[in-house]
Structure formats: structure tokens, C-alpha cells
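K.L.:
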Amino acid sequence: MPDKSASPRSPLPALILIAAIVVVLVAAFAYTAGWLTPNRLTPAKIVGSLAPPGGAVPGFRRNHAKGICFSGDFESNGSGAAISKAKMFMPGTYPVTGRFNLATPDPKASDAMARVRGLSLRITMPDGSEWRSAMIDAPFFPVATPQAFYELQRALANKNDPESMQKFAAAHPEIAAFGAWAGSAPWTGSYAEERYNSLNSFVFTNADGQDQTVRWSFVPAAKPENLTPDELKQKGANFLDAEITKRVQSAPQRWAMAVTVANPGDATADPSKAWPEDRHTIEVGTLVVKSIEPEPDGPCRDLNFDPTVLPAGMRVSDDPFPAARSAAYSVSFNRRTAEDKDYPHTPSQGAQQ
Ligand code: HEM
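Quick note: to get my numbering, add 258 to the position in the sequence shown (first position is 1).
1. For F462, which of helix, strand or coil comes out of DSSP?
2. Does any heavy atom of the ligand HEM sit closer than 7 angstroms to the C-beta of R267?
3. Among the residues of its own chain, which have a CB less than 6 angstroms from the CB of Q511, if the five just before and after it don't count?
4. Under three-state DSSP, which class holds Q468?
5. Buried or exposed for L545, going by 16 or more other Cβ atoms inside 10 Å?
6. With distances taken from CA atoms, which of V280, K324, I550 is nearest A509?
7. I need the DSSP call for N341, collapsed to helix, strand or coil.
8. Pull up the CB-CB distance for T463 and T526, whole angstroms please, since I reckon it's below 8 angstroms.
9. Determine the DSSP secondary structure at R267, reduced to helix, strand or coil.
10. Around the C-beta of M371, are 16 or more other C-beta atoms found within 10 angstroms, so that it is buried, or is it exposed?
11. Rounded to the nearest angstrom, what separates A435 and R412 at their Cα positions?
12. Between which two residues does the beta strand (DSSP E) containing K504 stretch?
13. For H322, verify whether its CB is less than 7 angstroms away from any heavy atom of the ligand HEM.
14. Compute the Euclidean distance between the alpha carbons of S587 and G336, then round it to the nearest angstrom.
15. Give the straight-line distance between the Cα atoms of P602 and I304, rounded to the nearest whole angstrom.
16. Do L457 and the ligand MG come close, with the Cβ less than 7 angstroms from some heavy atom?
17. Can we count P552 as close to the ligand HEM, meaning its CB is less than 7 angstroms from some heavy atom?
18. Which residue marks the beginning of the alpha helix (DSSP H) containing N592, and which one marks its end?
19. Under the criterion of a Cβ to heavy atom distance below 7 angstroms, does I502 qualify as lining the ligand HEM?
20. Report yes if the C-beta distance between A302 and P565 is below 8 angstroms; otherwise report no.
21. How many angstroms separate the CA atom of P534 from the CA atom of K343?
22. Count the other CB atoms within 10 Å of the CB of T518; is the residue buried (16 or more) or exposed (fewer)?
23. Please classify F287: does DSSP put it in a helix, a strand, or coil?
Laid out in C-alpha cells, this is it:
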């Protein structure tokens, strides 16, 4: 018989446990939302910092907002298989969707004002795997960390403190080399005459399981013809789009893909540090740009050239940028595609990330 005189079990411990679980869940949510760490750098904050003076331009990329799409092929010569088992390094030809672009958050910026030009690529392999990459023509990045990139945007936008950039440069001396490059490097008159660099480091793994840390560049076949400052000034605001459209109509344009392997001790986690020129470099194939399509009707508009979309045989390294970029590009992609009505074109196929 049950002992009716015994007191019923107290519900208190169960209630305390439930309350504790609720507290942990609320704390996890608050942490994720950044409420407990207001100074933590979030992808939304970093993307917010990229707005031009008049505010973000709805419907457009939050950086590298001005650009033009292209289609073409990657012709692999097979040499890349020695360092990566990625399918795109097997001998063969693989379709490419890409975008030439300018490093500005303003889609109406004049081409003569944008110092940095970019090349974005998506190579699709027969098994459906993809390689995406977004490179620039600078030989190194202005800053060493994603946090410094955010602080740079804040310093550039800080109109209340005339010394904000001097203070930034004192705290981030690596920016001096970039300033020297930006002030002295020649300007060409064509996207086709630029060399584009990954700057970030990645790890390639070959079929034998050997890892090597690498960077890559796309080296133009076209000879760079430098513009004088006067010639640059006389160019129209959109001369680069007009030039590349005409040039590709008359002949496909080519870039050799060169993969550079790090030596032990090279700065793999810091894209503001170029590696010495003598590093082992393998030419693995050729990018052939065959047609140019305006961005509004083009296949690149609703692509996110997330640098962490990598096939088997490639992975991110100790470089913190690709992960930070991936998170920021996703915020930018989500914002711009949600603002579709503000962009001068509605894709019939819907957005793809
Ligand atoms: C923490 C550092 C960085 C941040 C926060 C950042 C942010 C962004 C954002 C928000 C976009 C627009 C993405 C979209 O809407 O699809 C973008 C595009 C781009 N970024 Fe970055 N970026 C960073 C570093 C870099 C680096 C290191 C490179 C080159 C080595 C680079 C090259 C590009 C290029 C070429 C594009 C154009 C991509 C396209 O055509 O869609 N960025 N960046």
C-alpha cells in the first residue's frame, strides 16, 4: 500500500531547472544578438560601416557596388592537380560566371575615382561543385585584420574629427604601404589590363593528402597601357564598362591563373603583407572572358561571390578574412536582394546565394 502519510515531492527543483534553462536560452539569444557585448564586431556592423556619405544605396552591393557581368571559361592545363585535388584543376574547360567591379559602395561612382578594381569569379565543375573568388588589383590589403577594416571605415567616415585618419594610421602602420601604392601605382584604361590578387591565403590539398598554403593571382594577357592623370580626367564616368564591352566584342580576353605557395614562416594570416617575389608559383590555367553582360540583365547580379565557397581540395587557412568576408557578404546579399524593387531590374529566376 502507498504510504499516504509521506509528503508529496516538492515541484521546486523542477521549477528551478526550468527557470535555469530559460535563463540560459535568453542569455544565448542576447549574446548572439550582441546585446551583452555591444562592442563586439558583427557582420551587420561591418556592413553598416560601408555606406557612402548619403547612406547605403538600396538594391546594390554594400561594397564593390559598381560592376558589370561576364561569362566565359576556365581552361585548366592540369598543373594544378599537383597541389589540389579540386576538379577544376583536372585538364579541361569549365564554365565561368564573373563580375568586373570597383571598390566603392556607390554604384554611381566615377570610374576615375575608384582606385581599386576587382574581379569576381564562379567556376562550376561537372560534379556541381563550385569555386568562388573575389580578388582586387592591389598587391596587398590596406589592413591586417577584419577589426581594423571596420575601424578604417569608421575613421574614413568620421567628419567630426579631422585627425581621425592620422590616429588610425598611427594605430595601424601597415596602411602606409597601401597609401604609397594607391598614390603611385599607374591607372590603366581597362579591366582587361589588371592583375587581380586573392590576397587572402587558402590551403590546397592534393590527392596524396599533402597540404600547402597558397595565394593566387589572375595575370592579364593584355599589356597594361598606363593613363596619364590628364587622360584619366578626360574619361567618362563609365569608361571601364564601355571599354571592356567593346574589347570583348572584338576578341576574348585572357588571364593566367598563377598559384603561389607559401614558404614556412610567410604571413599566411595577414593579407596586408605580400610574400616575397621568389615564391614557387604554378600556372594552372587560363580564364577566358567571352561575353560581357550589363549587370541589370546579367547573370552576376544575384550571385554572392563568397570566398569561402570552395570545392574539396581547397579550404580556408588561418587567415581570418575569408570567414569575416563570408558573413559580411551574406548580410549584404540578404539586404540587397530584399530591396529588389529598388534595383533597376527584377531577375526572372529569383536570387541564388
Ligand atoms: C573584412 C573585410 C571585408 C569586408 C567586410 C568586405 C565587404 C564586402 C561586401 C559587403 C561586399 C558586397 C558583397 C555582396 O553584396 O555580394 C564586398 C564585395 C567585394 N569584395 Fe569585399 N570585403 C572585405 C575584404 C575584401 C578583400 C580582402 C578583398 C580582396 C582580396 C575583397 C574584394 C571584394 C570584391 C572583388 C567584391 C565584389 C564581389 C562581387 O562582385 O559580388 N573584399 N566586400
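Beta carbons: idealized from backbone N, C-alpha and C, even for Gly.
P.N.:
This is what the structure gives:
1. Here F462 sits in strand by DSSP.
2. R267: no, Cβ never under 7 angstroms from the ligand HEM.
3. Within the same chain, Q511 has close Cβ partners A450, V547.
4. Note: Q468 maps to coil in three-state DSSP.
5. With 16 or more other Cβ atoms within 10 Å, it is buried.
6. It is I550.
7. Sequence check: residue 341 is Ile here, not Asn. Correct three-state label for I341: coil.
8. Rounded to whole angstroms, the Cβ separation of T463 and T526 is 15 angstroms, and the two are not in contact under 8 angstroms.
9. DSSP places R267 in coil when its eight states are reduced to three.
10. Exposed, because fewer than 16 other Cβ atoms sit within 10 Å of the Cβ of M371.
11. When rounded, the distance between both Cα atoms is 20 angstroms.
12. From DSSP, K504 is part of no beta strand (DSSP E) but of the alpha helix (DSSP H) over 497-508.
13. Remark: the C-beta of H322 is in contact range of the ligand HEM, defined as less than 7 angstroms to any heavy atom.
14. The residue you asked about is not Ser; residue 587 is Tyr in the sequence shown. Each residue's Cα considered, the two are about 31 angstroms apart.
15. Going by C-alpha positions, P602 is about 26 angstroms away from I304.
16. Among the ligands present in this structure, namely the ligand HEM, the ligand MG is not found.
17. Outside the cutoff, so no.
18. The continuous alpha helix (DSSP H) containing N592 extends over residues 579-596.
19. No, since every heavy atom of the ligand HEM falls outside the 7 angstroms radius drawn around the Cβ of I502.
20. Taking 8 angstroms as the cut-off, the Cβ atoms of A302 and P565 do not count as close.
21. CA-to-CA, the gap between P534 and K343 works out to about 26 angstroms.
22. Per the 10 Å Cβ criterion, buried.
23. In the structure shown, F287 falls within a helical segment according to DSSP collapsed to helix, strand and coil.
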